[in-house]
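Colleague: Here it is, the structure in full.
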Amino acid sequence: MGSNDDDCNRQGSKTCPSHSDACAVVRGHGSGVMKSCSYKSFCSQANTQGYRAPGVRVHCCFSDDCNVTGGALGFTSGVSVLLVLLPLLLHLLFI
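If you count by the UniProt record's numbering, then the sequence shown holds residues 1 to 95, one letter each, in order.
Given below as structure tokens:
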């Protein structure tokens with residue numbers, strides 16, 4: 001938790017436990033930021049039902065490090081490679 005992203009990132013980074021499958025970044029009205037390990041179901045619900053408090057935004061990434069910066073969704077490299085290779089593997093299996 002910090003006053004902004006840089007403040008939050010300076011506090012260090014922890015790997016999320018194996019039972020969590022997402023990383024949630026919650027931004028408050030001002031510049032407050034909270035990053036925590038979360039669940040994909042929480043992220044899906046926050047994105048489909050909107051945010052309950054005005055001015056509060058929730059962003060989720062699917063990485064094992066909440067301090068990863070970049071695009072809208074962060075996938076671990078293993079998952080990305082699997083998604084790219086899966087159609088090829090299925091094609092080879094059913095030829």
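Ideal placement from N, C-alpha and C gives every residue a C-beta, glycine not left out.
What separation, rounded to the nearest whole angstrom, lies between the Cα atoms of ALA72 and CYS43?
Modeller: Note that ALA72 scores a pLDDT of 38, beneath 50, so its modelled location is shaky and nothing firm can be said.
Colleague: What are the residues that DSSP puts in a beta bridge with residue 101?
Modeller: Because the chain in this structure spans residues 1 to 95, residue 101 falls outside the shown range and cannot be described.
Colleague: Give every residue of the same chain whose Cβ lies closer than 6 Å to the Cβ of VAL25, excluding the five residues on either side of it in the sequence, and list them in chain order.
Modeller: LYS35, HIS59
Colleague: Between the beta-carbon of TYR39 and the beta-carbon of SER13, is there less than 8 Å?
Modeller: Result no, Cβ atoms of TYR39 and SER13 do not sit closer than 8 Å.
Colleague: With C-beta atoms as the reference, is HIS29 less than 8 Å away from GLY55?
Modeller: yes
Colleague: Answer yes or no: do residue 107 and CYS23 have a C-beta to C-beta separation smaller than 8 Å?
Modeller: Here the chain comprises residues numbered 1 to 95, so residue 107 is not present and cannot be evaluated.
Colleague: Return the chain-ordered list of same chain residues with a C-beta closer than 6 Å to the C-beta of GLY27, the five sequence neighbours on each side being excluded.
Modeller: Note on residue identity: the sequence assigns Arg, not Gly, to residue 27. Correct list, in chain order: VAL33, ARG57.
Colleague: Which stretch, first to last residue, makes up the alpha helix (DSSP H) that contains CYS16?
Modeller: Segment: none, CYS16 is in no alpha helix (DSSP H) and carries neither H nor E.
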